[in-house]
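Notes follow once the structure below has been shown.
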Amino acid sequence: MMKSFWALCLWGVISVVFASSVALSQAQEAYLKEKKVITMCVDPDWAPFETINADKEHEGIAADIIRLIASKLDLTLRLIPTKTWEETVLKSKRQECDLLSLVNQTPKREEWLVFTEPIIKDPNVLVARSDYPPIDDIRSLRHTSIALLKETSILERFQNDFPNLKIIPVDTEEEAFWMVENKKADLTLRSLMVTAYTIKKESIFNLKVVAQPKDYVNILRIGVRKDEPILRDILNRGIQAITPSEKEHIVNKHIYIKVESNERNHHLLIYGILTLLLISSLILIWNYQLRKRVAQEVKKNLEHSQMLFQQSKQAALGALIATISHQWRESLTKISYANLTFRAHILQNKKIPDELLDKNTREIEQTLDFMSETMQNFLEYYKPSTNVYEFEVEDSIRAVIRILDTRIKNLNVAIAFHQTSNTHFIGIRNEWMQVWMNLLSNMLNIAQKRAIKYPYIEITISENAISFHDNCGGIEPEIVEKLNNGSYKNGLGINMSREIVQKYGKSLFIHNLDQGAQFMIVSP
218 MMKSFWALCL
228 WGVISVVFAS
238 SVALSQAQEA
248 YLKEKKVITM
258 CVDPDWAPFE
268 TINADKEHEG
278 IAADIIRLIA
288 SKLDLTLRLI
298 PTKTWEETVL
308 KSKRQECDLL
318 SLVNQTPKRE
328 EWLVFTEPII
338 KDPNVLVARS
348 DYPPIDDIRS
358 LRHTSIALLK
368 ETSILERFQN
378 DFPNLKIIPV
388 DTEEEAFWMV
398 ENKKADLTLR
408 SLMVTAYTIK
418 KESIFNLKVV
428 AQPKDYVNIL
438 RIGVRKDEPI
448 LRDILNRGIQ
458 AITPSEKEHI
468 VNKHIYIKVE
478 SNERNHHLLI
488 YGILTLLLIS
498 SLILIWNYQL
508 RKRVAQEVKK
518 NLEHSQMLFQ
528 QSKQAALGAL
538 IATISHQWRE
548 SLTKISYANL
558 TFRAHILQNK
568 KIPDELLDKN
578 TREIEQTLDF
588 MSETMQNFLE
598 YYKPSTNVYE
608 FEVEDSIRAV
618 IRILDTRIKN
628 LNVAIAFHQT
638 SNTHFIGIRN
648 EWMQVWMNLL
658 SNMLNIAQKR
668 AIKYPYIEIT
678 ISENAISFHD
688 NCGGIEPEIV
698 EKLNNGSYKN
708 GLGINMSREI
718 VQKYGKSLFI
728 HNLDQGAQFM
738 IVSP
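Residue 741, in our numbering, is where the sequence shown stops; the numbers in between run on with no holes.
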């Protein structure tokens, strides 16, 4: 009985000792003992798969997997740094490195490499601008250009499979996406993982997936110099020793993906399609309502005698609609990215983590709320009203700031509020919103025209005065004088603001203060 017990203990110890190691043949062990160091070349710019950072360290999915393989085989690896993929390929051909990390096996590469078993599979997708129609048959395309990375298996295959396309070789992933975004190329074909990663990192959300070519799947392996096949066999032992959970952990670390059943995938796909249809319908309805209501209000206001008030709004209308359109495009890119993330999981039969699903659906909800609020603020600002009621001054100013939000962010303008009392006005709220709009727009125009590096606007609210003060260099003294006496002909917005302010028994004063201009509304 005791012998059995100690035998079991001994077996447990042996299992623990050798659980993380890989059994090699005598010839393989002798090879490694003599070899000592394995050199490796990698793609220096292929996130999230692999990159070389500023400290010349290998990072990414490939880096973590290869380090895991090395630990199981007790290998010593040395990175041969390169600056471009072309340099990497050249060094590999010259046998300056033993390994070429994570590549597709192609006939051309088989001239100087042998390949390990597959490590990662990732589908390739065609990416185009958001206004590009879906592609049913790639071979039917005519006069179509596609940006593809130099010295890659994709370029090699596309030249043979699709001679109807004009191929534009590029140096980096970012360049390929940039060319499509800026209409220098119609399409690019990239890994689905790389597509999702790059679109998020570079914020180029006006792109979309238009097709998934059949049989174009990245089956990524390690390339090994052809004259040392024994090294390939050793690496295969290490690859076989990697568990699915270990590989999943590494991939999740970089792209947050888990495996999921096909049945749930279909449900998620249907959910994604219905969500997109709902969002698209809401956007179309909002756009239609916005155009319709703006047109109605313009017509109604032109029929009234308040021509000066309407002219000022008309002058700003085009810029405001452009601003709101930009805000909505930014909001749509967030929704588009969330959908692309879901689609990436679905196409790869992966499970969407609950925390990612919760995070993305919350962001979609918040984005829709923001779009609705922006539209409501704009309509409230533009709609003529004769309703006189008490309103909070700060709240009406912030409503205008939200309308101008995108322009404020683009100019990097910092806005600070200083409030000594919770000031309320009694009057027509959207008339005062027009005043705030005129004052803020003037300051933003000057900040943009003079390219102020760190512009700010300080808004001070007290019981007797409202002040808008910037740091944009001030206004020429002769123009200040004309603005204050109402004789400045180009100051339609300021003159109209003064009329509104005077209508409520207050005064508008303009002067220069501390490297900027100050617009002050004073109560008697």
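Just so it is clear, CB atoms sit at the ideal spot from N, CA and C, and this is done for glycine as well. Because the structure is a prediction, the values reported are computed rather than measured.
Considering only Ile645, Glu675 and Thr623, the residue with the shortest C-alpha distance to Ala631 is Glu675.
Of all alpha-carbon atoms in Asn701, Leu574, Gly440 and Lys576, the one lying nearest the alpha-carbon of Gln312 is that of Gly440. Closest in C-alpha terms to Asn577, from the list Arg560, Thr460 and Gln565, comes Arg560.
Nearest to Val718 by alpha-carbon distance, out of Leu657, Asp291, Glu648 and Met654, is Glu648. Counting of Cβ neighbours within 10 angstroms places Ile456 among the buried residues, the total reaching 16 or more.
Excluding five sequence positions before and after Asn688, the CB atoms of its chain that fall closer than 6 Å to its own CB belong to Tyr673, Gln732 and Gly733, given in chain order.
DSSP places Thr415 in the helix class (H, G or I) of the three-state scheme.
For the options Asn435, Lys723 and Ile692, the alpha carbon positioned closest to that of Leu730 is the one of Ile692.
DSSP lists Leu437 as the beta-bridge partner residues of Ile337.
Straight through space, the alpha carbons of Asn321 and Glu303 are spaced by roughly 15 Å. In the DSSP assignment, the residues bridged to Arg407 are Val342. Under the DSSP definition of a beta bridge, Val331 partners with Val441. If you draw a 10 Å sphere on the C-beta of Glu695, you find fewer than 16 other C-beta atoms in it, and that means exposed.
For the 8 Å CB-CB criterion, Ile278 and Pro265 form a contact. In the DSSP assignment, Met396 forms no beta bridge with any residue. Residue ranges of uninterrupted alpha helix (DSSP H) with 4 or more members, entirely inside the region 243-286 and ordered along the chain, are 243-252. Per DSSP, Arg646 is one residue of the alpha helix (DSSP H) stretching across Arg646 to Lys666.
Sorting Thr299, Thr256 and Leu294 by C-alpha distance to the C-alpha of Lys273 places Thr299 at the top. Contact between Ser679 and Ser638 holds: their C-beta atoms lie close to 6 Å from each other, under 8 Å.
In this chain, the alpha helix (DSSP H) harbouring Gln376 covers Ser370 to Asp378.
With fewer than 16 other Cβ atoms from the protein chains shown falling within 10 Å of its own Cβ, Tyr671 counts as exposed. Glu398 and Lys699 have their C-alpha atoms spaced approximately 47 Å apart.
Rounded to the nearest whole angstrom, the C-alpha separation of Lys626 and Asn659 is 16 Å. Straight-line spacing of the CA atoms in Phe332 and Glu580 works out to 43 Å. Here Asp432 is exposed: its Cβ has fewer than 16 other Cβ atoms, across all protein chains shown, within 10 Å.
Within the same chain, Cβ atoms closer than 6 Å to the Cβ of Val306 are found at Glu368, the five residues on either side in sequence being excluded. DSSP lists no bridge partner for Asn681.
In this structure the region 339-347 does not touch the region 456-470; the number of beta carbon pairs closer than 8 Å is below three. Out of Met654, Ile269 and Ile467, the CA that lies nearest to the CA of Leu621 is found in Met654. Assigned with DSSP and collapsed to three states, His728 falls in strand. Taking Asn381 as reference, the option from Arg359, Lys401, Met396 and Ala393 with the minimal CA-CA separation is Arg359.
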